[in-house]
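>
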Amino acid sequence: MSNNLYRWQQLAAALELAEFFTHCAAAAARFRHGRNEEDDKDIQRVLAISSQIFDLKMFFYNQLYEEGQCNWEDRLDIFFGEAGLGDKKDHKYAEEKHEIELWFLK
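For the sequence shown, our numbering assigns the number 52 to the initial residue and increments by one for each residue that follows.
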């Protein structure tokens with residue numbers, strides 16, 4: 052795999068996490084603190100940042116797709132090294148992935 056493809060993977064993975072956390076921040080503000088999305092400027096800023104992150108992330112995914120290095124099913128697993136891109140190795144974040152999966156199931 053070329054260095055550019057590897058960089059695109061890493062950037063897409065970082066943006067995947069950034070988008071996830073901005074959505075979590077907006078959701079926490081809405082549901083845990085009873086803030087209204089339409090009237091709250093802080094939530095609007097978070098959602099605008101999330102939208103920009105999404106656009107950037109899709110740019111890097113498109114670079115991977117053009118090189119035949121990514122499928123839609125791979126998106127969430129790229130960060131955790133389970134997407135089957137390049138050499139498949141055990142990833143050091145396996146425990147964190149498990150914790151995030153448990154958190155989603157709550």
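Idealized CB from N, CA, C, for every residue including glycine.
#1: Could you tell me if Tyr112 is buried or exposed, where buried requires 16 or more neighbouring beta carbons within 10 angstroms of its beta carbon?
#2: Hey, how far is the Cα of Met109 from the Cα of Thr73?
#3: In whole angstroms, what separates the C-alpha of Lys92 from that of Ile100?
#4: Would you decide whether Glu67 is buried or exposed? Buried here means 16 or more other CB atoms lie within 10 Å of its CB.
The relevant details are as follows:
#1: For the purposes of this step, residue 112 is taken as the residue at position 61 of the sequence shown. In this structure Tyr112 is buried. Its beta-carbon is surrounded by 16 or more other beta-carbon atoms within 10 angstroms.
#2: Position 58 of the sequence shown, counted from the first residue, corresponds to residue 109. Position 22 of the sequence shown, counted from the first residue, corresponds to residue 73. Taking the straight line from one Cα to the other gives about 16 Å.
#3: Sequence index remark: in the sequence shown, residue 92 carries index 41 (1-based). Sequence index remark: in the sequence shown, residue 100 carries index 49 (1-based). Those two C-alpha atoms are separated by around 12 Å.
#4: Taking the sequence shown and counting its residues from 1, the one referred to as residue 67 is at position 16. Buried.
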